[in-house]
Structures are given as structure tokens and as C-alpha cells.
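K.L.:
In the UniProt record's numbering, the protein residues as written are 1 to 292.
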């Protein structure tokens, strides 16, 4: 592995990727890797232990996981589909050394031109909000590298605090933080609230039978339903960690805040989220389509 790939950038107490430095605003340190593990568990609860919603053939031969992070999804998929060859790519070499024999990882930027010679039966992407600068180009590349009858699926939170009552309006500080996060993403050129457009974008490049499922991750144990209450317990912790992960680079590099100003806001937001009268949730978009 080239030393330049691990010549990480350090700022605001966090560590950031070195390969194509600066094109992604999230950290890659141990705290972030732990957060990615929690996100994987949250999606497992959200999707009721399913790794995908697309109606895949029982034996997909080639599978690609875009922005694989710590590679947990790719590893689980490889374990469940022993005859599939699973490739995960990411900007950071933070995947485990010991993986299933049918799983491999590559250091790559999925927004660059793809060099794959053989198409994939299934291309998966989770949590790419804030990671895509040119959705049209990426989706065209995905379409071109998907085999006939194969599927493309995205799963992502959209950067909004919502509620089914009026309590979202009462979370004044949290809503201001989220507004700044969205503004920072737009200025950075990689919006964090664009998942609502993905269904149409997939249809535009040629995918058919495009299906969108809207789900909710509660923030806290306020839901009465036992499954949603359990999901909310982890969702709340995950959001506290997400505040620590996404705020520093966007606020200091992009929005021009000082580290002190940023820290004060983060502390206020986290304190507000502990208010048990708030019934907040994060909207999740799961979108998949088939190549004719």
C-alpha cells in the first residue's frame, strides 16, 4: 500500500482520508469506524435483518459496494452469498484484514472513471448523501456497469429532523445545526439532502421498475412500538456520533466557523436532543431499480 494513502490529514481532533484528500468531509479515525459499525447495526434493525430490499436473484455472481467504509455490509453479503464475488471500494483503507475469501476491498474514488471490465449483478451503496458531486455521471457509470437484469440500490438518511407532531419545530438549535449542515453540503458541492431525487435520476439513466421506500429512524425511545423503540435507542446514539463526525470539516473548512464556535453549537445541539419531549426522526430513502 502506498504511504500516501495513509498520510492522513489531522484537524479539529479528527483524522481524515489522504487518498484524493479533501473530496469527502467525514473522518476515518477509530471513533468514526465505531460509528460506522453502529450505523450498520441501525440499518440491520431498520431493514429487519435484510441487507437489501431489491429482489435479487438467489445467486448474484458479481457485487459492488460503493463507499464501503469499514466493509461490514460487503463482508455480511459475502458470507450470505458464498458464490458471489463481492468488491467494496472506499477512499480509506479501514477495512479488516481477515475477510471471507469471496470478498475484497479496493482504495478508489467511485466518482472517478470506472475501469471494471466485467459488469455487476448488483451494485449497492449506503449512506452516500454528502458523498456525490455529480449524481448523473455516477448513475450513468452504475448503469453502464450493471448486467442486464441486475439491480442498483441506494440506502441513505436525508439531512432533516422531522416529527409526526409539532415537536420538530421546538428543536430550534438542532434545526439550525441541520440547516447549516445542509448549507455546508451544498457549498461543498455534495448535498446531504439529495436522496429524494435519486428515484427520478435512476429512471433518467435507464433503470426500470424503480422503487422507493421511505423509512424512519427515531431519535430516542419515544416510540410506543417495541421495534421502533429499540431502533430509536441506537438511532439516538448514532445521531450524537454523527454530530461529532460531520460538523468539524463542514463548519470550519466550508462555512468558516472557528473551532470554538463549532464546539459550542455541537454541545447545545446534543443537550437539546436529550429533551425527551421531542419526537424526532431521520427520514431514510431506500431506492432500487433494475437494468433492462
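Heads up, the beta-carbon is just placed ideally off N, CA and C, and yes, glycines get one too.
Work out the CA separation of residue 139 and residue 204 for me, nearest whole Å.
P.N.:
Taking the first residue of the chain shown as position 1, residue 204 is located at position 204. Taking the first residue of the chain shown as position 1, residue 139 is located at position 139. Between residue 204 and residue 139, the C-alpha separation is close to 9 angstroms.
K.L.:
Give the secondary structure of residue 86 by DSSP, where H, G and I count as helix, E and B as strand, and everything else as coil.
P.N.:
Stepping through the chain shown from its first residue, residue 86 is reached at position 86. Three-state DSSP puts residue 86 in a strand.
K.L.:
Taking only three categories from DSSP, how would you classify residue 9?
P.N.:
As a first step, residue 9 is located in the chain shown; it is residue number 9 there, counting from the start. DSSP places residue 9 in strand when its eight states are reduced to three.
K.L.:
For residue 102, which residues from the same chain have a beta carbon less than 7 angstroms from its beta carbon, with the 5 sequence-adjacent residues on both sides left out?
P.N.:
Numbered from its first residue, the chain shown carries residue 102 at position 102. The answer, listed in chain order, is 78, 82, 84, 85 and 86.
K.L.:
Going by the beta-carbon positions, is the gap between residue 249 and residue 25 smaller than 8 angstroms?
P.N.:
Walking along the chain shown from the start, residue 249 turns up at place 249. Walking along the chain shown from the start, residue 25 turns up at place 25. In contact: residue 249 and residue 25 (Cβ atoms closer than 8 angstroms).
K.L.:
Can you list, in chain order, the residues of its chain whose CB lies under 6 angstroms from that of residue 19, leaving out five sequence neighbours each side?
P.N.:
In the chain shown, counting from the first residue as 1, residue 19 sits at position 19. Excluding residues within five positions, the ones whose Cβ falls inside 6 angstroms are 5, 91 and 107.
K.L.:
Tell me which same chain residues have a C-beta within less than 6 angstroms of the C-beta of residue 236, skipping the five on either side of it?
P.N.:
Numbered from 1 along the chain shown, position 236 holds the residue referred to as residue 236. Cβ neighbours of residue 236 beyond the five flanking positions: 219 and 220.
K.L.:
Under 7 angstroms Cβ to Cβ from residue 21, same chain only, skipping five residues before and after it: list those, please.
P.N.:
Counted from its first residue, the chain shown places residue 21 at position 21. Cβ neighbours of residue 21 beyond the five flanking positions: 9.
K.L.:
What do you get for residue 116, buried or exposed, if any count of 16 or more other CB atoms within 10 angstroms of its CB means buried?
P.N.:
In the chain shown, residue 116 corresponds to position 116, counting from 1. It is exposed - the Cβ of residue 116 has fewer than 16 other Cβ atoms within 10 Å.
K.L.:
Do three or more CB pairs link the stretch 61-74 to the stretch 109-126 at distances below 8 angstroms?
P.N.:
Segments in contact, yes.
K.L.:
Could you pull out every residue in the same chain whose Cβ sits closer than 7 angstroms to the Cβ of residue 34, ignoring the five residues on either side in sequence?
P.N.:
Within the chain shown, the letter at position 34 stands for residue 34. None.
K.L.:
Between the Cα of residue 142 and those of 246, 63, 27 and 42, spot the shortest distance and give me the residue it belongs to.
P.N.:
On the chain shown, position 142 is the one that residue 142 refers to. Of the candidates 246, 63, 27 and 42, the one whose C-alpha sits nearest the C-alpha of residue 142 is 63.
K.L.:
Considering only their Cβ atoms, is the gap separating residue 289 from residue 151 smaller than 8 angstroms?
P.N.:
As a first step, residue 151 must be located in the chain shown, where it is residue number 151. As a first step, residue 289 must be located in the chain shown, where it is residue number 289. Yes. Within cutoff.
K.L.:
Suppose contacts are defined by Cβ-Cβ distances below 8 angstroms. Is residue 255 in contact with residue 46 by that definition?
P.N.:
Here residue 255 is taken as the residue at index 255 of the chain shown, counted from 1. Here residue 46 is taken as the residue at index 46 of the chain shown, counted from 1. No, Cβ-Cβ distance for residue 255 and residue 46 is not below 8 angstroms.
K.L.:
Checking the sheet assignment: what are the DSSP bridge partners for residue 106?
P.N.:
Residue 106 sits at position 106 when you count from the first residue of the chain shown. Residue 106 pairs with 89.
K.L.:
On the three-state DSSP scale, how would you describe residue 24?
P.N.:
Against the chain shown, residue 24 aligns to sequence position 24. Note: residue 24 maps to coil in three-state DSSP.
K.L.:
Is residue 180 helix, strand or coil by DSSP?
P.N.:
Here residue 180 refers to the residue found at position 180 of the chain shown. The answer is helix: DSSP assigns residue 180 an H, G or I state.
K.L.:
Can you name, in chain order, every residue of its own chain whose Cβ lies under 6 angstroms from the Cβ of residue 104, other than the five neighbours on each side?
P.N.:
Your numbering for residue 104 matches position 104 in the chain shown. So the qualifying residues of the chain are 87.
K.L.:
Beta-carbon within less than 8 angstroms of residue 80's beta-carbon, same chain only, minus the 5 sequence neighbours each way: which residues are those?
P.N.:
What you label residue 80 is simply residue 80 of the chain shown in a count that begins at 1. Once the five neighbours on either side are set aside, the close Cβ partners of residue 80 are 51.
K.L.:
Using alpha carbons as the reference points, say which of 214, 58 and 238 lies closest to residue 40.
P.N.:
What you label residue 40 is simply residue 40 of the chain shown in a count that begins at 1. Nearest of 214, 58 and 238 to residue 40, Cα basis: 238.
K.L.:
Count the other C-beta atoms from every protein chain shown that fall within 10 angstroms of the C-beta of residue 110, then say buried if there are 16 or more, exposed otherwise.
P.N.:
Working through the chain shown from its first residue, we reach residue 110 at position 110. Buried, because 16 or more other Cβ atoms sit within 10 Å of the Cβ of residue 110.
K.L.:
Contact defined as beta carbons within less than 8 angstroms: I believe residue 282 pairs with residue 172. What is the distance between those atoms, to the nearest angstrom?
P.N.:
Taking the chain shown and counting its residues from 1, one reaches residue 282 at position 282. Taking the chain shown and counting its residues from 1, one reaches residue 172 at position 172. About 18 angstroms; that fails the 8 angstroms criterion.
K.L.:
Leaving out five residues before and five after residue 181 in sequence, what residues of the same chain have Cβ atoms less than 8 angstroms from its Cβ?
P.N.:
Taking the chain shown and counting its residues from 1, one reaches residue 181 at position 181. Excluding sequence neighbours, residue 181 sits near 159, 192, 246, 247 and 250.
K.L.:
Look up residue 286 in the DSSP assignment and say whether it is helix, strand or coil.
P.N.:
What you label residue 286 is simply residue 286 of the chain shown in a count that begins at 1. Three-state result, residue 286: strand.
K.L.:
Between which two residues does the alpha helix (DSSP H) harbouring residue 248 extend?
P.N.:
For the purposes of this step, residue 248 is taken as the residue at position 248 of the chain shown. Note, residue 248: alpha helix (DSSP H), 226-248.
K.L.:
Determine the extent of the alpha helix (DSSP H) in which residue 52 is found, giving its start and end residues.
P.N.:
Mapped onto the chain shown, residue 52 falls at position 52. No alpha helix (DSSP H) contains residue 52, which DSSP labels as neither H nor E.
K.L.:
Which residues share a DSSP beta bridge with residue 252?
P.N.:
Along the chain shown, read from residue 1 onward, the residue named residue 252 stands at position 252. According to DSSP, residue 252 bridges with nothing at all.
K.L.:
Taking the Cβ atom as the reference point for each residue, do residue 201 and residue 136 lie within a distance shorter than 8 angstroms?
P.N.:
Looking up residue 201 in the chain shown gives position 201. Looking up residue 136 in the chain shown gives position 136. A contact, by the Cβ cut-off of 8 angstroms.
K.L.:
At the level of alpha carbons, what is the spacing between residue 257 and residue 184?
P.N.:
Along the chain shown, one-based indexing puts residue 257 at 257. Along the chain shown, one-based indexing puts residue 184 at 184. C-alpha separation (whole angstroms): 11 angstroms.
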